[in-house]
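Student: My questions will all concern the structure given below.
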Amino acid sequence: MTTDDSHHDDASPDEDRRQSGGEWRESDARSGGESVLPDGGTEAEGADEATLDPWGSSTIADYRKLFEQFGIEEFDEVLPEVPNPHYLMRRGVIFGHRDYRPVAEAMRNDDPFAALSGFMPTGDPHIGHKLVFDEIIWHQQQGGDAHALIADLEAHSARGLSWDEIDEHATDYVLSLLALGFDPDEGTLYRQSDNREVQDLFEADAVERTLLRQAYDAREEYAEDVDRPRCGEAADWLRDHQPAPADARESVVAKLAEAGKEPLRPRIRFLDRNATEAAFEALIEAIDGEKRVYDEHIDTFDLDHAEAEELARQVELDNGGYGFQPPSSIYHRFMTGLTGGKMSSSIPASHISLLDDPEDGYDKVKSATTGGRSTAEEQREKGGKADECPVYELYAYLLSGDDDEFAKEVYDECVGGERLCGGCKEQAAELMAEFLEDHQEKRAEWEDRLDELDIDLDSDRAPTTAD
359 MTTDDSHHDD ASPDEDRRQS GGEWRESDAR SGGESVLPDG GTEAEGADEA TLDPWGSSTI
419 ADYRKLFEQF GIEEFDEVLP EVPNPHYLMR RGVIFGHRDY RPVAEAMRND DPFAALSGFM
479 PTGDPHIGHK LVFDEIIWHQ QQGGDAHALI ADLEAHSARG LSWDEIDEHA TDYVLSLLAL
539 GFDPDEGTLY RQSDNREVQD LFEADAVERT LLRQAYDARE EYAEDVDRPR CGEAADWLRD
599 HQPAPADARE SVVAKLAEAG KEPLRPRIRF LDRNATEAAF EALIEAIDGE KRVYDEHIDT
659 FDLDHAEAEE LARQVELDNG GYGFQPPSSI YHRFMTGLTG GKMSSSIPAS HISLLDDPED
719 GYDKVKSATT GGRSTAEEQR EKGGKADECP VYELYAYLLS GDDDEFAKEV YDECVGGERL
779 CGGCKEQAAE LMAEFLEDHQ EKRAEWEDRL DELDIDLDSD RAPTTAD
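Per the working numbering, the very first residue in the sequence shown carries number 359; after that it's consecutive.
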């Protein structure tokens with residue numbers, strides 16, 4: 359694969375993008391071929407303006423059920439409040455959020471905020487993962503305290519990878535993150551397996567809570583009065599009937615047995631783990647409605663979870679504690695695989711790895727599925743289907759960079775019938791090869807500096823091969 363860069367010497371990066379694939383467009387302008395492969399030609403006669411959207415928001419309906427199911431709000435509603443929004447936000451690739459307004463407010467006011475995301479090192483990082491990298495880096499550049507974690511425990515336990523495999527993939531992810539602009543001096547990189555401080559923060563007794571709920575749900579099996587099951591009855595039932603982990607089961611049984619004839623009914627329990635006496639007394643005073651106060655916990659029966667969490671958080675903050683709160687979150691669309699369907703690391707032809715040889719990346723784009731019509735004539739008449747085109751996604755998600763005008767130009771030319779698939783793919787393929795070449799040069803620069811990082815990329819765990 360060869361490209362002619364002679365006309366790029368004095369061009370800006372944005373001009374370079376527009377000039378890529380130019381020979382294909384010029385050749386088609388002189389021909390009247392029936393194939394949709396060459397680009398260029400005449401204006402469309404019948405593009406359907408009702409469905410035109412260069413940022414692909416028409417596909418967001420596919421995610422609509424997520425909004426109600428998980429309490430996600432449309433990102434467009436908060437976008438005007440975000441200073442210097444990332445192009446993924448402007449183009450609707452980031453389509454939803456949960457409680458992102460406090461983050462936007464912190465950016466506007468130069469207040470502290472943090473951003474965290476991670477990756478499970480089970481294969482090569484690809485252009486779909488780049489979305490997450492870009493989001494971490496952008497939040498760091500907006501003044502956030504950025505954290506990028508390697509989910510190595512998850513890769514080992516859920517996917518069965520050996521630690522040697524995990525170390526290799528983790529290094530590749532970290533190199534790409536750094537090459538794309540993450541500042542390790544201002545941010546934090548860490549492995550799940552090494553961050554004992556974070557692990558210890560969440561020594562939550564989730565298994566115990568599950569057992570208590572199971573005991574309550576099964577009350578008809580053992581309770582003398584099913585409307586008021588007793589803790590002692592639940593302890594006996596759990597001891598005889600629940601094959602849970604021994605430590606968790608015995609812990610719950612002991613607590614229930616100690617409670618004796620206390621009614622077992624739904625409640626919110628505030629636990630006194632490390633609270634000062636003053637903080638514990640303040641919480642007692644702050645709880646309205648029915649409550650029961652014990653030496654090391656308080657049970658309340660009139661608050662829901664959200665109210666209880668907010669109350670406890672405020673009391674904790676007022677008394678010098680952490681006051682952890684639910685994180686804000688943003689949600690982006692998946693990239694479509696180059697062959698259609700979801701982009702997947704397990705389907706090599708569907709994705710472009712950030713480690714792919716630039717010529718291989720070029721070839722994959724040239725072989726990609728498109729949203730083109732059956733013939734050039736039909737495409738000029740009706741316009742292409744950019745909203746269904748993996749190649750257009752490459753422009754919108756990656757190849758246009760921060761240049762919204764260029765991405766919109768590609769879209770408008772496609773749906774207007776001026777741009778055909780062959781030339782469009784040629785332009786995208788050239789841009790992809792250029793991106794991969796530049797990215798891998800930056801990876802190589804960082805590879806020589808890995809020892810400077812405050813992260814151990816060689817696990818000290820014994821090499822283990824999955825059975």
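Glycine residues also receive a C-beta, built at the ideal position from the N, C-alpha and C atoms. From a predicted model like this one, the values you see are computed outputs, not experimental measurements.
So which of D575, A593, Y574, E792 has the shortest CA-CA distance to Y720?
Tutor: To locate residue 720, count along the sequence shown from 1; it is residue 362. Per the Cα distances, E792.
Student: Take M447 and list the residues in its own chain whose beta-carbon comes closer than 7 Å to its own, dropping the five residues that flank it on each side.
Tutor: Residue numbering aside, residue 447 sits at position 89 when the sequence shown is read from its first letter. These residues qualify, in order along the chain: F433, L437, V440.
Student: Would W687 and Y458 qualify as a contact pair, given that the criterion is a beta-carbon distance under 9 Å?
Tutor: Against the sequence shown, residue 687 aligns to sequence position 329. Against the sequence shown, residue 458 aligns to sequence position 100. In the sequence as displayed, the identity of residue 687 is Ser instead of Trp. For S687 and Y458, yes; Cβs fall inside 9 Å.
Student: Mark Q498 as exposed unless 16 or more other C-beta atoms lie within 10 angstroms of its C-beta, in which case mark it buried.
Tutor: Reading the sequence shown from its first residue, position 140 is the one you call residue 498. With 16 or more other Cβ atoms within 10 Å, it is buried.
Student: Return the CA-CA distance between E654 and A612, expressed in angstroms with no decimal places.
Tutor: Counted from its first residue, the sequence shown places residue 654 at position 296. Counted from its first residue, the sequence shown places residue 612 at position 254. In a straight line, the C-alpha of E654 is about 15 Å away from that of A612.
Student: Who pairs with D657 in a beta bridge, going by DSSP?
Tutor: On the sequence shown, residue 657 is found 299 positions in, with the first residue counted as 1. DSSP, once it has assigned bridges, lists R627, R650 as partnering D657.
Student: Contact between the region 730–743 and the region 760–779 is defined here as three or more beta-carbon pairs at a separation below 8 Å; is this criterion met?
Tutor: Contact between the region 730–743 and the region 760–779 is present, because at least three Cβ pairs lie under 8 Å.
Student: Taking the beta carbon of G681 as the centre, do at least 16 other beta carbons fall within 10 Å, making it buried, or is it exposed?
Tutor: Reading the sequence shown from its first residue, position 323 is the one you call residue 681. Exposed, because fewer than 16 other Cβ atoms sit within 10 Å of the Cβ of G681.
Student: Which value, in whole angstroms, describes the spacing of the CA atoms of D397 and C747?
Tutor: The residue labelled residue 397 in the question sits at position 39 within the sequence shown. The residue labelled residue 747 in the question sits at position 389 within the sequence shown. Below a pLDDT of 50, predicted positions are generally treated as unreliable, and D397, at 33, falls in that range; the measurement from the model is reported next regardless. Each residue's Cα considered, the two are about 15 Å apart.
Student: Could you tell me how far apart the beta carbons of L596 and A581 are, in whole angstroms, since I believe they sit closer than 8 Å?
Tutor: Residue mapping note: residue 596 aligns to position 238 of the sequence shown, counting from 1. Residue mapping note: residue 581 aligns to position 223 of the sequence shown, counting from 1. That pair is no contact at about 13 Å.
Student: For D761 and Y755, I'd like the C-alpha separation in whole angstroms.
Tutor: As a position in the sequence shown, residue 761 is number 403, starting the count at 1. As a position in the sequence shown, residue 755 is number 397, starting the count at 1. Those two C-alpha atoms are separated by around 11 Å.
Student: For V723 and V773, I'd like the C-alpha separation in whole angstroms.
Tutor: To locate residue 723, count along the sequence shown from 1; it is residue 365. To locate residue 773, count along the sequence shown from 1; it is residue 415. Between V723 and V773, the C-alpha separation is close to 20 Å.
Student: Over what stretch of residues does the alpha helix (DSSP H) that includes D796 continue unbroken?
Tutor: Translated into the one-based positions of the sequence shown, residue 796 becomes position 438. Its alpha helix (DSSP H) spans residues 779–805.
Student: Can you list, in chain order, the residues of its chain whose CB lies under 6 Å from that of Q500, leaving out five sequence neighbours each side?
Tutor: The count along the sequence shown starts at 1 and reaches residue 500 at position 142. So the list reads M465, once near-sequence residues are dropped.
Student: Here's a check: name, in chain order, each residue in its chain whose Cβ is nearer than 6 Å to the Cβ of Y750, leaving out the five neighbours to either side.
Tutor: Counted from its first residue, the sequence shown places residue 750 at position 392. Closer than 6 Å at the Cβ level, and outside the excluded window around Y750, lie A744.
Student: Have a look at the DSSP bridge pairing and note the partners of L547.
Tutor: Within the sequence shown, residue 547 is the residue found at index 189, counting from 1. The partner list for L547 (beta bridge, DSSP) reads A506.
Student: For D644, does the count of other Cβ atoms within 10 angstroms reach 16, so buried, or fall short, so exposed?
Tutor: Looking up residue 644 in the sequence shown gives position 286. The residue asked about is misnamed: residue 644 is Ala in this sequence, not Asp. By the neighbour-count rule (16 or more Cβ atoms within 10 Å), A644 is not buried but exposed.
Student: If you measure between the beta carbons of P716 and M790, is that distance less than 9 Å?
Tutor: Within the sequence shown, residue 716 is the residue found at index 358, counting from 1. Within the sequence shown, residue 790 is the residue found at index 432, counting from 1. Contact flag set, yes.
Student: For Q785, count neighbouring Cβ atoms within 10 angstroms of its own Cβ and tell me buried if that reaches 16, exposed if not.
Tutor: Walking along the sequence shown from the start, residue 785 turns up at place 427. Counting Cβ neighbours within 10 Å, Q785 comes out buried, since at least 16 surround it.
Student: Can Y652 and F453 be called in contact, C-beta distance under 9 Å?
Tutor: Taking the sequence shown and counting its residues from 1, the one referred to as residue 652 is at position 294. Taking the sequence shown and counting its residues from 1, the one referred to as residue 453 is at position 95. Cβ atoms of Y652 and F453: not closer than 9 Å.
Student: Run the CB neighbour count on D525, radius 10 Å, all protein chains shown included, and call it buried at 16 or more, exposed below.
Tutor: On the sequence shown, position 167 is the one that residue 525 refers to. Buried, by the Cβ-count rule.
Student: I need the straight-line Cα distance from G695 to E667, nearest angstrom please.
Tutor: Translated into the one-based positions of the sequence shown, residue 695 becomes position 337. Translated into the one-based positions of the sequence shown, residue 667 becomes position 309. So the alpha carbons of these two residues sit roughly 41 Å apart.
Student: Have a look at R731, A734, D660, A513 and flag the residue whose alpha-carbon is nearest the alpha-carbon of R549.
Tutor: Counting from 1 along the sequence shown, the entry for residue 549 is found at position 191. When only C-alpha atoms are compared, the closest one is A513.
Student: What do you reckon, are the CB atoms on L474 and L507 nearer than 9 Å?
Tutor: On the sequence shown, position 116 is the one that residue 474 refers to. On the sequence shown, position 149 is the one that residue 507 refers to. Result yes, Cβ atoms of L474 and L507 sit closer than 9 Å.
Student: In the DSSP assignment, the alpha helix (DSSP H) including R597 goes from what residue to what residue?
Tutor: As a position in the sequence shown, residue 597 is number 239, starting the count at 1. Note, R597: alpha helix (DSSP H), 589–599.
Student: Assuming D482 contacts L712 under a Cβ cut-off of 8 Å, what Cβ separation, rounded to an integer in Å, is found between them?
Tutor: Residue numbering aside, residue 482 sits at position 124 when the sequence shown is read from its first letter. Residue numbering aside, residue 712 sits at position 354 when the sequence shown is read from its first letter. Confirmed, Cβ separation roughly 7 Å.
Student: So, under 8 Å CB-CB, P542 and L811 are touching, yes? Tell me the CB distance rounded to an integer number of Å.
Tutor: Residue 542 sits at position 184 when you count from the first residue of the sequence shown. Residue 811 sits at position 453 when you count from the first residue of the sequence shown. Yes, they are in contact, since the Cβ atoms of P542 and L811 sit about 5 Å apart, within 8 Å.
Student: Can you list, in chain order, the residues of its chain with a C-beta nearer than 6 Å to that of S534? Leave out the 5 residues immediately preceding and following it.
Tutor: Locating residue 534 in the sequence shown gives position 176, counting from the first residue. Excluding sequence neighbours, S534 sits near P483, L712.
Student: Find out if the Cβ-Cβ distance for the pair G486, M701 is shorter than 9 Å.
Tutor: Taking the first residue of the sequence shown as 1, we reach residue 486 at position 128. Taking the first residue of the sequence shown as 1, we reach residue 701 at position 343. In contact: G486 and M701 (Cβ atoms closer than 9 Å).
Student: From E763, D714, E771, pick the residue whose C-alpha is nearest to that of Q737; which is it?
Tutor: What you label residue 737 is simply residue 379 of the sequence shown in a count that begins at 1. Ranking E763, D714, E771 by Cα distance to Q737 puts E771 first.
Student: Would you please state the rounded distance, in angstroms, between the beta carbons of E648 and F638? I believe it to be under 8 Å.
Tutor: By 1-based counting over the sequence shown, the position of residue 648 is 290. By 1-based counting over the sequence shown, the position of residue 638 is 280. With a Cβ gap of about 18 Å, E648 and F638 do not count as contacting.
Student: Beta strand (DSSP E) containing I524: first to last residue?
Tutor: Numbered from 1 along the sequence shown, position 166 holds the residue referred to as residue 524. No beta strand (DSSP E) holds I524; the alpha helix (DSSP H) holding it covers 521–537.
Student: Assuming E578 and V584 form a contact by the criterion Cβ under 8 Å, report the distance between their Cβ atoms to the nearest whole angstrom.
Tutor: One-based indexing of the sequence shown puts residue 578 at position 220. One-based indexing of the sequence shown puts residue 584 at position 226. With 8 Å as the limit, E578 and V584 qualify as a contact, their Cβ atoms being about 5 Å apart.
Student: State the start and end residues of the unbroken alpha helix (DSSP H) segment that holds L474.
Tutor: Against the sequence shown, residue 474 aligns to sequence position 116. Segment 472–477 is the beta strand (DSSP E) holding L474; no alpha helix (DSSP H) there.
Student: In the region 712–770, which residue ranges form an unbroken alpha helix (DSSP H) of at least 4 residues, counting only runs that do not cross its ends?
Tutor: DSSP runs (the alpha helix (DSSP H)) wholly in the region 712–770: 716–724, 734–740, 748–752.
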